[in-house]
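With this note's numbering applied, the sequence shown covers 27 to 323.
Each residue gets a CB set at the ideal place from its N, CA and C atoms; glycine is no exception.
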Amino acid sequence: MYQPAIDPDAVTAIDMHVHIEVDDDGHASLPAPLVEAASKYFRTDGPRPAVDAVARYYRERRMAAVVFTVDARTQLDHRPLSSVDIARAASEHADALIPFGSVDPRCGEAALELAARLIEDEGVRGFKFHPTVQGFDPSREEYAPLWGLLEKAGVPALFHTGQTGIGAGLPGGYGFRLGLSNPMLLDPIAAEFPQLQIIMAHPSVPWQDEALSVATHKHNTWIDLSGWSPKYFPASLVRHANSMLKRRVLFGTDFPLLTPDRWLRDVAGTELKPDVLPGILKDNAARLLKLARKEGP
Numbered sequence: 027m028y029q030p031a032i033d034p035d036a037v038t039a040i041d042m043h044v045h046i047e048v049d050d051d052g053h054a055s056l057p058a059p060l061v062e063a064a065s066k067y068f069r070t071d072g073p074r075p076a077v078d079a080v081a082r083y084y085r086e087r088r089m090a091a092v093v094f095t096v097d098a099r100t101q102l103d104h105r106p107l108s109s110v111d112i113a114r115a116a117s118e119h120a121d122a123l124i125p126f127g128s129v130d131p132r133c134g135e136a137a138l139e140l141a142a143r144l145i146e147d148e149g150v151r152g153f154k155f156h157p158t159v160q161g162f163d164p165s166r167e168e169y170a171p172l173w174g175l176l177e178k179a180g181v182p183a184l185f186h187t188g189q190t191g192i193g194a195g196l197p198g199g200y201g202f203r204l205g206l207s208n209p210m211l212l213d214p215i216a217a218e219f220p221q222l223q224i225i226m227a228h229p230s231v232p233w234q235d236e237a238l239s240v241a242t243h244k245h246n247t248w249i250d251l252s253g254w255s256p257k258y259f260p261a262s263l264v265r266h267a268n269s270m271l272k273r274r275v276l277f278g279t280d281f282p283l284l285t286p287d288r289w290l291r292d293v294a295g296t297e298l299k300p301d302v303l304p305g306i307l308k309d310n311a312a313r314l315l316k317l318a319r320k321e322g323p
């Protein structure tokens with residue numbers, strides 16, 4: 027079972043948003059048309075590394091990474107990557123990787139059983155959800171048992187919010203509904219499950235103000251800064267990250283579609299304050315994930 031071996035003092039940053047898009051057998055997390063469309067949208071055709079390669083990449087940079095896939099088997103009619111396999115591979119790189127699980131909420135009781143196994147048997151430290159790609163409204167009461175399970179286990183839930191490049195340009199956007207990723211749909215979850223730590227991933231364009239409203243009102247919510255180069259961050263997001271939300275904003279990239287090298291290069295040209303960057307890059311995540319610093323001799 028995965029046991030974290032990450033010393034926050036030994037890393038320069040913790041990337042909260044790293045996708046594993048292919049397994050060791052070459053099976054992709056998304057159907058081929060979506061992979062091709064995403065590459066076009068993000069203007070990248072680079073490799074989609076498996077877990078071992080991701081670990082090497084982040085270790086070389088003295089960084090840690092939260093790794094996950096998205097289980098959208100119902101919506102996509104496509105076999106997902108195994109969160110069990112990802113967690114077990116991450117356990118071999120526990121100095122650099124932190125595994126999050128993913129379950130398809132539309133699978134009902136089976137999703138609850140898989141989530142419990144991933145926590146109890148594999149040691150995953152959180153869960154990733156993508157309401158648009160998974161095709162579900164997270165505010166609906168039928169999913170409350172899942173949020174209650176995660177709250178009781180003390181593991182955070184990371185939700186995609188805002189626009190997505192997945193399906194962009196395909197007929198009907200591949201049937202995906204952007205409105206399912208409005209961060210306001212997470213507000214009732216944060217209200218009903220006040221101990222559940224909820225991470226709203228990405229600048230939530232076009233609903234940035236909604237995300238900021240939820241985050242300022244519900245202090246069990248966080249924002250990760252993945253998916254966009256920092257030079258495109260909305261001014262309101264930067265302003266809140268510099269002030270009232272500075273302890274609940276998290277570094278994230280969306281690797282491999284955006285690299286930490288580019289994120290760090292571009293953030294230097296923003297108005298994010300130098301004194302808040304250490305918290306964003308590492309300290310806030312270490313606190314959220316309960317990563318213990320190693321004591322000296």
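Where residue i falls, given that 16 or more other Cβ within 10 Å makes a residue buried
i    : result
D280 : buried
E177 : buried
K308 : buried
S262 : exposed
A64  : buried
P182 : buried
M270 : exposed
T247 : buried
R313 : exposed
Backbone secondary structure at residue i - three-state DSSP
i    : result
V96  : coil
K316 : coil
I306 : helix
V129 : coil
A379 : What is shown of the chain runs 27 to 323, which leaves residue 379 out entirely.
T158 : helix
R325 : With the chain covering 27 to 323 only, the question about residue 325 has no answer from this structure.
K299 : coil
P59  : helix
Bounding residues of the alpha helix (DSSP H) (the contiguous stretch that carries residue i)
i    : result
I145 : E135 to E146
H243 : Q234 to H243
K154 : Counting along the chain, K154 falls outside any alpha helix (DSSP H), though it belongs to the beta strand (DSSP E) covering F153 to F155.
W254 : W254 -> no alpha helix (DSSP H), and no H or E assigned at all.
I215 : D213 to E218
Y169 : Segment: none, Y169 is in no alpha helix (DSSP H) and carries neither H nor E.
L290 : P286 to V293
Residue from the options whose Cα sits closest to the Cα of residue i
i    : options                   : result
G174 : T187, E148 and L138       : L138
D287 : A64, E86 and G188         : E86
V240 : V92, N208 and P131        : N208
D33  : P75, Y67, A90 and H43     : A90
P256 : D213, L271 and L284       : L284
E62  : R114, F277, G191 and R88  : G191
L290 : D51, A39, Y83 and L315    : A39
V231 : G180, G305, G198 and G253 : G253
V92  : A170, Q221, T187 and D41  : D41
Bridge partners - residue i, DSSP secondary structure assignment
i    : result
D35  : D35 is not bridged to any residue.
M226 : F185 and I249
F281 : V44
V275 : I249
A91  : D41 and L123
A54  : V48
Delimiting residues of the beta strand (DSSP E) encompassing residue i
i    : result
P376 : The structure shown does not extend to residue 376, since the chain is modelled only from 27 through 323, so no value can be given for it.
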